[in-house]
Structure formats: C-alpha cells, structure tokens
Amino acid sequence: MLKKLKQKLTSSRNQIVRQSKRGRQKKSKSLTGKKGSTISTRLRQNRIISIIYKPKLIIAVFLLLLILAFAPYVKAFYDFSPKREVSDKGEPGQVEWNGVNRIITLIVGIDQFSDEHRFVDAIGLLVVDPQRSELGIFMISPDIEVYVPGLNKNSNLRTILNNKDSKGNEIEILVRSVESLMAVKIDRYLLTNTKGFSEVGRYFDPVSLDLRYDLNDEDVSDTKGRNISWSKGRITIYQDQFVGFLAANEYGNDSQLARQSRFLAEFAANLDSLRTLANIPQILQAIEDNVYTNISKNEFFTLARHLWAIRRDQVKLAYTQSASLLPLESKGLYSRYSPLTESIDRDMSSIMFNFNLAKEQARIEVFNASGIRGMANSRARWITNSGGRVVQIGNARNITEQTTVYVANPEKYPVTIFEIERIFGKNLVYATSPYEEKHIGDIIIVIGESVVR
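Per the UniProt record's numbering, residue 1 is the first one in the sequence shown, and the count goes up by one each step.
Quick look at the structure:
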C-alpha cells in the first residue's frame with residue numbers, strides 16, 4: 001500500500017516538472033518568434049545589417065575605396081615626366097644624384113614677353129644637404145655683370161638669355177655664368193616664367209611671414225590685375241599674390257632679395273601641409289606643364305622627400321648684398337653692378353660651406369697647366385667656397401691636356417674627392433704615380449686644357 005502511494009507521488013511530481021518545462025519553452029518561443037529564430041538571426045535577415053557579419057565583403061569594399069582614392073596619385077606619379085629647357089640638349093653621361101650628397105640647384109624666374117624676349121627677374125641657388133637635414137637659399141641680384149665662359153665676354157645676368165651669341169645654348173650659358181660668378185658647381189636647374197609660377201603656386205598653401213615695413217609698389221598686381229599692397233607685421237600672401245610679392249622692389253635690391261629668400265623659406269616649410277598632399281596630382285601636372293629642369297624623375301621625388309621633411313629652423317638664408325656690388329654705368333633700362341668676389345664669398349659662406357668636407361682637413365694644392373691665365377686661382381676659389389683647404393696655388397712647368405689629381409690615400413678624403421670630381425667633371429683623371437715636383441699637400445690638382453671643355 002505504501003509502495004503504491006509512493007509511486008503515485010513520484011509520478012505526480014514528474015508530471016508537474018514536465019508541465020513546468022513545457023511552459024518555459026512556450027514562453028521562450030513567444031519572445032523569439034514562431035519558428036524559434038533568435039534576435040541575431042532576425043538581424044542577419046536584414047540585407048544591410050547582414051554585411052556586418054561578412055568580414056570578407058568589408059575588406060573588399062575597403063580595398064575598392066582605397067584603390068579609388070589612390071588611383072589619381074599612382075597615375076600622376078607614373079605619368080610625371082619633367083622636361084628640359086628648349087636649348088638644353090642634355091649632358092651626356094649625367095650622373096644620377098644619389099640622394100645623400102649635397103645637391104645645388106639653380107632656380108630661375110623669367111619674365112617672358114615672347115620666345116625671343118626673356119628677362120631674368122629672379123635667380124638664386126637652392127642647396128639641399130640630406131646628411132645635415134639642411135636647406136640653403138641664396139638669392140642673386142640679376143643686375144650683376146658677369147664673365148660668360150664660352151663667349152669670352154661680360155654680360156648682365158638679367159639679359160643673358162637674349163644675348164644673340166648664346167642662341168641655342170641659353171641655359172648652359174646661364175648656368176656656367178652663375179658658376180663663374182659664385183665659384184660653385186651647379187648640379188641642376190629649375191626655370192619657369194611668372195605665369196608658370198602662378199599656375200604651380202595655386203595648389204600650395206598661402207605663405208605667412210613677418211614684414212618689417214609697409215610694401216606698396218604701384219607696379220605690382222595679382223594674377224587678376226588688381227593692385228596689391230601689404231602693411232608691416234604678420235601678413236599672409238595668397239596664391240594669386242605670389243609673383244607680385246616677389247617682384248615688388250620699392251626699397252631696392254637688398255630688401256627684395258631678402259624678401260624673396262624668406263618667402264621661399266616659408267614656402268618650403270609649408271610643403272608638408274594637407275593641401276599639398278591633397279593636390280599632388282595637380283602639382284605634378286602643373287610642374288610638367290610650366291617648369292623646365294634637368295632634374296630626372298627619380299631625382300625629383302627624392303628631392304621632394306627631403307624638402308618635405310625640412311623645418312623652418314633648418315633653413316639658412318643669404319643673398320648678394322649691395323655692399324658686395326660696385327655700381328657701373330647703365331646701358332639701358334636696368335642697373336649694372338660689378339661683383340666684389342671676396343665679399344660675395346663671405347655673403348654665401350654660411351650656405352655653401354660644406355662642414356663634412358672641412359672635417360677631412362685635406363691639404364690641397366692647385367697648379368695651372370691649362371695655359372689659361374688665372375685658372376688656378378679661379379678653381380681654388382671653387383674648392384675653398386665648398387669648404388676645402390687650399391694651401392698652395394701656382395703654375396705648373398708644362399702645359400698638359402688632362403686635369404690630373406695626385407692623391408696617395410683617397411680613402412681618407414671621400415667627401416673632398418667627391419667635391420673635386422663635381423668641380424672638374426668627367427675630364428678628371430687620377431695619377432697612378434706620385435707627384436714628382438716638390439709639394440706639401442695631401443691632394444695635388446694639376447689643371448689641364450680639358451678644364452675649358
């Protein structure tokens with residue numbers, strides 16, 4: 001009897017438990033849906049939200065957007081092709097810049113009325129030193145009268161492109177004339193006209209700097225022909241005012257050249273802006289259309305990378321000061337000045353002096369065997385301006401064909417040797433035997449007739 005009663009109680013308890021479970025299951029179904037779907041399942045059935053649960057699709061969309069964003073940049077880099085100035089036939093065997101050693105670039109801005117009438121309005125040297133992370137800007141007065149190698153006569157820098165004797169060879173004549181004036185080896189050139197500079201400049205940031213005086217030159221205007229002026233203090237030069245600001249000459253050459261160098265310094269310091277980054281395709285196209293240069297495509301991008309990283313405190317500025325120029329009688333619309341070379345060398349020493357070369361402390365002797373008077377003094381000045389230590393200058397006993405270098409331990413002076421090769425070029429040869437004459441130098445340079453070729 002007790003056993004049957006116990007079985008009934010157990011059966012009743014199990015029945016209650018089963019009913020309780022069925023009740024909970026029904027309640028769960030009523031919350032999740034008729035077919036037992038969860039909230040997650042219902043969300044996945046939404047076409048838009050379902051993308052979240054497909055990571056491969058997300059990656060594909062991201063890559064597509066990335067390709068669309070960078071396609072113009074890739075095309076611009078691929079298509080970019082710098083062009084040489086019309087008279088530049090190309091230097092045979094031009095050595096590619098390695099991106100490590102200093103590179104000196106001649107920058108030229110011209111006012112072009114026609115193909116036959118081009119006047120140099122602005123000219124200077126851009127010195128990039130990757131090893132020291134420095135940029136040097138040296139502006140030169142275009143009214144200096146210089147000796148023109150090859151033409152064997154003097155000419156004003158401003159009008160040298162119009163010289164009838166230089167036709168068909170204008171850019172080489174200009175480069176060699178500036179080399180003769182400054183006693184430095186120029187590696188590359190950049191040339192554009194006022195219209196071209198405005199076209200390129202429109203894709204960069206405005207330039208801000210401190211102006212120490214009011215500037216109101218009635219002869220300058222913006223690209224739309226409107227007269228422009230600036231009050232002293234912190235000013236902003238907008239893109240359509242770039243050329244006018246650089247051309248203003250209200251207070252004379254010193255003021256203009258100093259202002260040009262400061263403008264270029266601030267312009268270079270702004271290269272890492274978002275506007276520049278966004279406009280890279282347009283900038284490259286504008287440069288290709290409006291700038292002439294013998295900088296190769298690879299060199300251009302390497303140079304741009306170094307300039308991009310330059311800070312304002314890494315920029316050195318200088319210019320040919322009026323105290324370094326002797327006024328001459330004018331022969332036309334423009335002033336003329338004779339350069340005082342010792343003063344000019346002092347003006348540019350802070351920029352051109354190569355400290356890495358000076359550290360090697362090589363004693364250099366220069367002897368003239370070219371038959372051209374003054375050649376040893378001229379090239380010794382080139383070496384000294386670069387930081388070299390010239391201990392003796394003189395004439396060799398005999399005229400020789402080749403320019404020859406005598407050096408017992410070239411591995412001790414790699415920077416000095418590199419600079420000598422820059423200065424004397426491809427016609428340089430190294431002697432296989434010691435210099436026979438009495439000497440005190442570590443390096444002896446005997447300049448031959450080949451130096452003038």
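Just so it is clear, CB atoms sit at the ideal spot from N, CA and C, and this is done for glycine as well. Since we're looking at a predicted model, the values are computed, not measured.
Residue i (DSSP reduced to helix, strand or coil)
i, result
"L340", "coil"
"P206", "coil"
"Q402", "coil"
"W308", "helix"
"Y73", "helix"
"Y319", "strand"
"N395", "strand"
"T32", "Any answer about T32 is weak, because its pLDDT of 49 lies below 50 and its placement is not dependable; what the coordinates show is given next. Correct three-state label for T32: helix."
"Y213", "coil"
"Q112", "strand"
"L68", "helix"
"K83", "strand"
"Y78", "helix"
"L271", "coil"
"R346", "helix"
"K167", "coil"
"E299", "helix"
"L333", "coil"
"I186", "coil"
"V390", "strand"
"V407", "strand"
"I104", "strand"
Local Cβ density within 10 Å of residue i, reported as buried at 16 or more and exposed below that
i, result
"E91", "exposed"
"R312", "exposed"
"T416", "buried"
"F355", "exposed"
"R373", "exposed"
"W382", "buried"
"F62", "exposed"
"Y73", "exposed"
"S81", "exposed"
"W308", "exposed"
"Q361", "exposed"
"G225", "exposed"
"F197", "buried"
"R336", "buried"
"L135", "buried"
Alpha-carbon spacing of residue i relative to residue j, whole angstroms
i, j, result
"A369", "P149", "18 Å"
"P130", "D111", "32 Å"
"P206", "L340", "36 Å"
"W230", "F138", "24 Å"
"V86", "E170", "9 Å"
"T276", "N427", "42 Å"
"R397", "I447", "12 Å"
"L151", "G168", "13 Å"
"T32", "L57", "Unreliable placement is indicated for T32, whose pLDDT of 49 sits below 50; no coordinate value is reported for it."
"K359", "V120", "37 Å"
"I295", "E199", "20 Å"
"A247", "G332", "20 Å"
"P281", "A304", "14 Å"
"Q239", "G201", "6 Å"
"R363", "R188", "29 Å"
"Y319", "I344", "9 Å"
"Y413", "Q256", "40 Å"
Where the alpha helix (DSSP H) through residue i begins and ends
i, result
"G196", "T194 to G201"
"I173", "E170 to M182"
"I423", "P414 to F424"
"I287", "I280 to N290"
"F355", "F355 to E360"
First and last residue of the uninterrupted beta strand (DSSP E) at residue i
i, result
"R363", "R363 to N368"
"N385", "Note, N385: premise wrong, no beta strand (DSSP E); alpha helix (DSSP H) at M375 to N385."
"K153", "K153 to N156"
"P327", "L325 to L328"
"V220", "Neither: V220 is in no beta strand (DSSP E) and is coded neither H nor E."
"L161", "From DSSP, L161 is part of no beta strand (DSSP E); its letter is neither H nor E."
"L428", "L428 to Y430"
"I444", "I443 to I447"
Short CB-CB distance (under 8 Å) between residue i and chain B
i, result
"D442", "This model lacks chain B altogether, as it is built from one protein chain only."
>> Restricting to runs no shorter than 3 residues, where is the beta strand (DSSP E) found entirely within the stretch 116 to 151?
In response: Within the stretch 116 to 151, the complete beta strand (DSSP E) runs of at least 3 residues fall at 117 to 129, 134 to 140 and 145 to 148.
> At what residue ranges does the stretch 225 to 266 contain a whole run of the alpha helix (DSSP H), taking only runs of 4 or more?
Replying inline: Taken in chain order, the complete alpha helix (DSSP H) segments of 4 or more residues contained in the stretch 225 to 266 are 242 to 247.
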